[in-house]
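Chains as they are written, first to last, in the numbering used here: chain A, 5 to 404; chain B, 72 to 368; chain C, 3 to 341. In this text, a Cβ means the ideal position worked out from N, Cα and C, and glycines have one as well.
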């Protein structure tokens with residue numbers, strides 16, 4: 005896969021950059037197979053886009069190629085440890101982007117990357133437990149911890165004039181975390197949770213659950229689910245049983261496939277939060293323009309912009325470090341991401357490269373937000389609100 | 072009362088019909104080839120993908136496209152039998168089980184390679200329920216289609232097994248392979264027929280499931296364990312048992328969420344998938360031959 | 003540097019392979035010795051892992067305990083809890099014939115998985131138990147990894163010696179007699195149910211130990227540890243490919259299949275790279291990231307294919323069963339019928 009990707013990106017960069025330079029490897033670990041394969045396939049495109057831009061605009065350091073080494077963590081802790089060991093030890097990567105699931109991330113960083121001193125940026129691991137790891141400043145995330153998003157969504161739901169809701173969440177690390185925070189925050193802010201239920205993902209029907217939740221007298225359904233494994237089925241069953249017509253949710257639902265299957269006309273009262281910038285920001289515009297030109301299948305899918313940002317940041321850190329050295333790269337990451345510094349937008353690799361060469365401090369502002377890492381390597385919660393449009397895509401505005 | 076019927080019982084019947092069609096194939100192959108076929112869910116998924124592509128290519132409605140998809144899937148299944156299972160006839164069943172496990176991985180990854188991993192719809196949009204009996208019964212049209220097609224197929228399988236020569240031979244092999252061979256039954260032909268029936272019912276289950284949800288590469292594996300449970304519940308090698316088992320499990324899963332006397336579900340829906348197994352384990356302990364006195368090996 | 007990297011990878015490969023070898027040895031006691039078709043390995047494995055994790059982690063409000071007990075105690079407790087559960091299941095289910103026992107154990111393992119996932123007060127639910135202590139982790143690289151590997155491999159060796167002894171003992175012979183001809187064993191006055199429960203419990207205890215090591219190795223345990231694909235079916239593949247009824251076969255199968263599972267990822271990109279090299283440059287440029295990701299699915303296809311080849315080449319396993327007393331005699335006809 006790596007060589008194939010190389011063939012793809014190298015063929016593009018051969019025309020621009022100097023050929024024959026060295027190859028700098030970054031591990032691209034993700035749940036390519038497993039329960040969220042659909043989401044990860046889109047994230048991988050985001051990562052590849054960043055690498056492609058870097059290579060097309062002069063490459064790393066002295067014209068070296070950024071090569072993403074794909075390894076499958078299957079959203080499974082032991083597969084993640086195995087995948088991490090391969091890229092760290094065999095491919096000798098200088099850093100890792102990924103993996104996707106929180107459990108896999110917890111296992112990978114504790115068992116492989118922290119002992120080996122390799123920096124790790126996950127674009128989608130949102131479990132609060134990752135904040136507390138003793139990570140020698142090696143574990144970073146460009147997705148905010150669940151703890152923030154549930155609160156932001158609770159506030160938004162109340163602000164929309166809905167005070168009584170029913171809540172359901174899929175029983176996995178990501179959605180359960182969000183759901184529990186949401187329920188707590190919503191009740192603290194004065195809302196009423198008429199009914200809440202956990203659901204087991206991957207079932208063929210949720211009609212009974214919808215009927216039970218729908219009977220509780222709520223005005224809307226707040227759902228935390230991945231669109232493929234239960235989200236679409238939940239909405240479909242809720243509409244078909246007329247249990248709910250109004251839906252709120254989070255990242256896992258923001259995929260065009262939801263609109264494609266359910267139909268925009270049935271989703272006029274649906275709104276989902278996501279970690280990310282609003283679509284009027286210059287960073288978003290730069291990202292979307294590049295993504296559309298490169299023909300990404302779904303650049304606005306869950307965590308796809310975050311995947312792009314994680315990879316771009318890794319490249320910036322390598323450039324800043326000035327050498328393919330694990331320790332230097334880890335130390336440089338916070339410098340290129342955080343203010344102060346000259347603002348770098350998605351795709352502005354040439355500019356960034358020049359500024360770094362001149363010794364100017366830079367500050368990357370990503371498609372998924374401004375990305376300022378705190379002491380724990382987390383980013384603050386900046387959220388967008390995504391609503392389905394008649395053209396089959398989501399529009400997103402920054403949630404204040 | 073009607074709320075119970077419309078939102079808990081009937082959805083359970085719909086789910087049960089899909090489980091039943093899947094369990095039918097598992098029960099037949101288990102009864103005649105004497106091993107638990109782990110690849111059955113993937114055959115179901117493959118058929119749904121064939122149907123998806125045929126609807127896209129020809130513009131046929133899904134149910135019409137399912138027919139050539141069934142033919143294709145039968146061909147694939149027969150080829151797989153020849154390559155992966157035939158060498159192990161007469162060997163311990165566990166070898167075939169492991170071979171089917173390998174096939175499961177191969178079919179799924181091939182589908183993911185060719186079709187990708189995104190869920191894709193056979194039927195877009197929302198179907199609002201139609202009312203029957205002055206609004207007492209609410210059913211969306213696709214559920215009528217699902218229940219109707221499942222019933223038609225079950226009757227056809229029944230006729231095949233009870234009225235045709237090959238069907239009778241299948242039952243004979245299921246009851247006693249040694250005796251069947253002695254009476255001059257071509258066991259290999261029976262096995263081919265079994266695979267064909269299993270593949271056709273699996274494709275039907277896959278397409279009907281996709282009508283209600285969508286087509287995706289894990290859809291078969293997600294259904295596999297409840298389908299096994301249904302086959303066991305009904306008694307191995309007993310087609311009607313598998314149908315009854317599927318219905319019992321489908322209905323039990325949905326009805327368990329009914330808020331009997333309150334607003335809380337009877338059983339936390341997070342434990343929903345446990346119901347099939349709890350029923351199955353209880354059945355095994357109480358009556359190992361299943362509801363319909365299937366084979367006990 | 004490169005060789006050192008390969009070396010470290012080899013250490014992880016052997017550590018994970020060793021944990022699977024322990025699981026396969028446990029399964030061999032149940033299936034190879036006793037003919038008990040346990041399809042719920044994941045359940046015993048996970049119970050062991052959780053028991054050890056709860057006992058050895060530092061105190062935390064997230065889940066039950068955090069008792070901070072020594073690792074060795076965690077491992078012993080993992081075996082005990084796993085054995086206890088197996089005893090309970092065995093008492094009820096052991097009279098079921100092979101396939102039915104398989105389905106019952108699969109069902110019980112799935113119910114256990116749901117319990118681990120939903121009873122958050124004890125297990126932290128879907129978010130799992132984090133920061134599990136690991137043996138030798140205080141040492142610098144590579145000694146920490148090597149220390150853990152040595153512990154796993156020594157355990158495999160010790161279990162092998164113990165189980166070989168059991169296999170050759172009168173107990174082992176009674177077990178295989180029951181497996182091959184229950185009626186004859188019964189006629190000889192053996193308490194078939196009791197022997198079966200013993201084999202079931204012994205195997206489950208070994209699986210629980212593997213769970214404890216797994217929790218240490220990964221340092222994190224979540225409900226996905228009970229995933230039937232990698233914790234049950236893969237172990238079966240290992241035992242059958244290696245040779246059931248043969249402890250050395252179980253160990254060989256575990257290391258071999260795990261190597262195939264893991265190392266295919268190193269070789270498939272090379273292979274695909276070669277293929278991509280054959281394509282015209284403009285065509286290769288059109289291969290988008292999506293195609294790259296899709297090619298990862300081919301690895302799983304390859305695993306399935308290798309499995310088919312191994313099965314067809316070695317239908318009785320790479321190291322077939324040999325009877326201790328009558329090693330030269332052909333296997334009795336009854337053995338071929340089982341399953």
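6 Å Cβ shell around residue i - same chain, five flanking residues per side excluded
| i | result |
| --- | --- |
| residue 107 of chain C | 40, 41, 42 |
| residue 60 of chain C | 68, 70 |
| residue 14 of chain C | none |
| residue 221 of chain B | 88, 92 |
| residue 59 of chain B | Limits of chain B in this structure are 72 at one end and 368 at the other, which puts residue 59 of chain B out of reach. |
Spatially closest choice to residue i from the options, by CA coordinates
| i | options | result |
| --- | --- | --- |
| residue 373 of chain A | A/361, A/285, A/363 | A/285 |
| residue 53 of chain A | A/350, A/364, A/198 | A/350 |
| residue 293 of chain B | B/74, B/361, B/83, B/110 | B/110 |
| residue 18 of chain C | C/321, C/305, C/264 | C/264 |
| residue 222 of chain A | A/242, A/156, A/181, A/209 | A/242 |
| residue 152 of chain B | B/132, B/318, B/72, B/174 | B/174 |
| residue 221 of chain C | A/335, A/115, A/342 | A/115 |
| residue 65 of chain C | C/93, C/133, C/84 | C/133 |
| residue 144 of chain C | A/119, A/129, A/168 | A/119 |
| residue 81 of chain B | B/139, B/160, B/321 | B/321 |
7 Å CB neighbourhood of residue i in its chain, flanking five on each side removed
| i | result |
| --- | --- |
| residue 290 of chain C | With a pLDDT of 49 at residue 290 of chain C, under the threshold of 50, the predicted position of this residue should be treated as unreliable, though the coordinate-derived value follows. Around residue 290 of chain C: no qualifying Cβ. |
| residue 75 of chain C | 57 |
| residue 265 of chain A | 236 |
| residue 88 of chain C | 46, 202, 203, 206 |
| residue 87 of chain A | 33, 75, 76, 77 |
| residue 237 of chain C | 22, 25, 26, 29, 43 |
Residue-level contact to chain C via CB, residue i, 7 Å cutoff
| i | result |
| --- | --- |
| residue 351 of chain B | yes |
| residue 172 of chain B | yes |
| residue 114 of chain A | yes |
| residue 114 of chain B | no |
| residue 119 of chain B | no |
| residue 158 of chain B | yes |
| residue 166 of chain B | yes |
| residue 91 of chain B | no |
Contact set for residue i: own chain, Cβ-Cβ below 8 Å, skip 5 residues either direction
| i | result |
| --- | --- |
| residue 328 of chain B | 79, 336, 337, 338, 340, 343 |
| residue 100 of chain B | 106, 108, 111, 265, 266, 269 |
| residue 363 of chain A | none |
C-beta neighbour in chain A for residue i, strict 7 Å
| i | result |
| --- | --- |
| residue 143 of chain C | yes |
| residue 213 of chain B | no |
| residue 336 of chain B | yes |
| residue 188 of chain B | yes |
Neighbour list for residue i in chain A, Cβ cutoff strictly below 9 Å
| i | result |
| --- | --- |
| residue 329 of chain B | 212, 215, 216 |
Integer Cβ distance of residue i from residue j, believed to fall under 8 Å
| i | j | result |
| --- | --- | --- |
| residue 251 of chain C | residue 319 of chain C | 5 Å |
| residue 114 of chain B | residue 244 of chain B | Not really, about 21 Å apart at Cβ, beyond 8 Å. |
| residue 300 of chain C | residue 270 of chain C | 6 Å |
Amino acids of chain B, ordered along the chain, whose beta-carbon sits closer than 7 Å to that of residue i
| i | result |
| --- | --- |
| residue 202 of chain A | 339, 340, 341 |
| residue 106 of chain C | 352, 355 |
| residue 265 of chain A | 192, 195, 285 |
| residue 104 of chain A | Under the 7 Å cutoff, chain B gives no residues; its nearest Cβ is about 13 Å from residue 104 of chain A. |
Within chain A, partners of residue i - CB distance below 8 Å
| i | result |
| --- | --- |
| residue 264 of chain C | 86, 90 |
| residue 294 of chain B | 208 |
Cross-chain neighbours of residue i in chain C, by beta carbon under 7 Å
| i | result |
| --- | --- |
| residue 177 of chain B | 303, 306, 307 |
| residue 397 of chain A | Per Cβ cutoff of 7 Å: no residues; residue 397 of chain A is ~19 Å from chain C at best. |
| residue 181 of chain A | 129 |
Partners in chain C for residue i, counting only beta-carbon separations shorter than 8 Å
| i | result |
| --- | --- |
| residue 155 of chain A | Within chain C, no residue comes near residue 155 of chain A; the closest Cβ sits about 18 Å away, beyond 8 Å. |
Short CB-CB distance (under 7 Å) between residue i and chain B
| i | result |
| --- | --- |
| residue 168 of chain A | no |
| residue 277 of chain A | no |
| residue 243 of chain A | yes |
Interfacial residues, the stretch 42-53 of chain A to chain E, with Cβ spacing under 7 Å: Within the model displayed, chain E is absent; protein chains A, B and C are what it includes.
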